[in-house]
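Chemist:
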Amino acid sequence: MADSKLLVTEINEEETMGAETARLEELLLQASKELQQAQTSRPESTQIQPQPGFCIKTHSLEGKVFINICHSPSIPPPADLTEDELLQMLEEDQAGFRIPMSLGEPHAELDAKGQGCTAYDVAVNSDFYRRMQNSDFLRELVITIAREGLEDKYSLQLNPEWRMLKNRPFLGSISQQNIRSQQHPRIQELGNLYTPESLRHEEGPEKPHLNLWLEAPDLLLAEIDLPKLDGALGLSLEMGENRLVMGGPQQLYYLDAYIPLRINCDESRAAFHRKRKQLMVAMPLLSAPS
14 MADSKLLVTE INEEETMGAE TARLEELLLQ ASKELQQAQT SRPESTQIQP QPGFCIKTHS
74 LEGKVFINIC HSPSIPPPAD LTEDELLQML EEDQAGFRIP MSLGEPHAEL DAKGQGCTAY
134 DVAVNSDFYR RMQNSDFLRE LVITIAREGL EDKYSLQLNP EWRMLKNRPF LGSISQQNIR
194 SQQHPRIQEL GNLYTPESLR HEEGPEKPHL NLWLEAPDLL LAEIDLPKLD GALGLSLEMG
254 ENRLVMGGPQ QLYYLDAYIP LRINCDESRA AFHRKRKQLM VAMPLLSAPS
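Letter 200 of the sequence shown, counting from 1, is numbered 213 in our numbering, and no numbers are missing.
#1: Using CA coordinates, which residue listed in 161, 282 and 84 is at the minimum distance from residue 146?
#2: Quick one: measure Cβ to Cβ for residue 71 and residue 174, integer angstroms, because I've assumed they're closer than 8 Å.
#3: Are there 16 or more other CB atoms within 10 angstroms of the CB of residue 228, so buried, or fewer, so exposed?
#4: For residue 150, is the classification buried or exposed, using 16 other Cβ atoms within 10 angstroms of its Cβ as the cut-off for buried?
#5: On a CA-only basis, which of 130, 98, 176 and 115 is nearest residue 68? Give me that one, please.
#6: Going by DSSP, name the residue or residues bridged to residue 146.
#7: Residue 79 to residue 128, Cα distance in whole Å?
#8: Nearest-angstrom Cα distance between residue 189 and residue 235?
#9: Answer yes or no: do residue 287 and residue 260 have a C-beta to C-beta separation smaller than 9 Å?
#10: With a CB to CB cut of under 7 Å and the five nearest residues on each side skipped, what residues in its chain are close to residue 170?
#11: Using only the alpha-carbon positions, how far apart do residue 148 and residue 114 sit?
#12: In chain order, what residues of the same chain lie with their CB nearer than 7 Å to the CB of residue 273, ignoring the 5 residues before and after it?
#13: Might you give, ordered along the chain, the residues of its own chain that have their beta carbon closer than 8 Å to the beta carbon of residue 119, omitting 5 neighbours on each side?
#14: For the beta strand (DSSP E) containing residue 175, name the first residue and the last one.
#15: Among 126, 141, 81 and 140, which one has its Cα closest to the Cα of residue 181?
#16: Going by DSSP, name the residue or residues bridged to residue 293.
#17: On the DSSP bridge assignment, give the partners of residue 67 in chain order.
#18: Closest to residue 152 by C-alpha separation, out of 185, 96, 221 and 270, would be which residue?
#19: Determine the extent of the beta strand (DSSP E) in which residue 138 is found, giving its start and end residues.
#20: Using the three-state DSSP reduction, which class does residue 124 fall into: helix, strand or coil?
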């Protein structure tokens, strides 16, 4: 954990920005310019042809449903965590881990008995797929997330019970899919991340709400809501390569968040916005996420 003196100033719209606040704004402005240049030089989406992997069978209220689990190197991989680290994160806060996947459109097919059914193609990263082949845990996790993703996207109700087809890697045909080009959207929300259960108390410091965004491929931004505070006095902030720890005055707040990205602690900056009552943190990354 780096002993970073990150919390350096407060932002008040009626005051002149200090040098450190100006540096924070400079980081944001530079990232926005780089991203705008990237967006003008790259297409918004690209077409991929997923490769077959395996197929599972389940049911909806309308009948039989088959999900073709496919893969493509064009799909970004999830964070590189061990199964133990991933299991711990999932036990604490499922929002802390995402598996990027492309959910294809439904297509009508015939099953082995010639009866009508519906099939969906779901694609994940090829390297992650190869890793998943050797792990029952990862395979079941991907199937669960794919099933829930299809339910949300297409307003389905799928039976959680499923079986894998033997000697049949896919049903029907696997169509091409349009995916967002491997540029990051202008603001990509990562959501709330994992905080150890040992730090969650019914009494004691409150865990503040944390939002994270990728403002550019190499810049992560954070906003921490602190509605009980009027200023930065008494706030502490420490940061490691993949961890952010914040303490509030008089033990009002405490946050210990794991971040599955490598942070450049030396270049990170933070400022408290008095009007919004938020702590804003700009964190350049040591290596851009895929």
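Even glycine gets a Cβ: it sits at the ideal position worked out from N, Cα and C.
Modeler: So, from the data block:
#1: 84
#2: 7 Å
#3: buried
#4: exposed
#5: 176
#6: Residue 146 pairs with nothing; no bridge assigned.
#7: 13 Å
#8: 36 Å
#9: no
#10: 73, 74 and 164
#11: 18 Å
#12: 92, 94 and 255
#13: 131, 132, 133 and 167
#14: Careful: residue 175 lies outside any beta strand (DSSP E) and carries neither H nor E.
#15: 81
#16: 236 and 284
#17: 82
#18: 96
#19: 129 to 138
#20: coil
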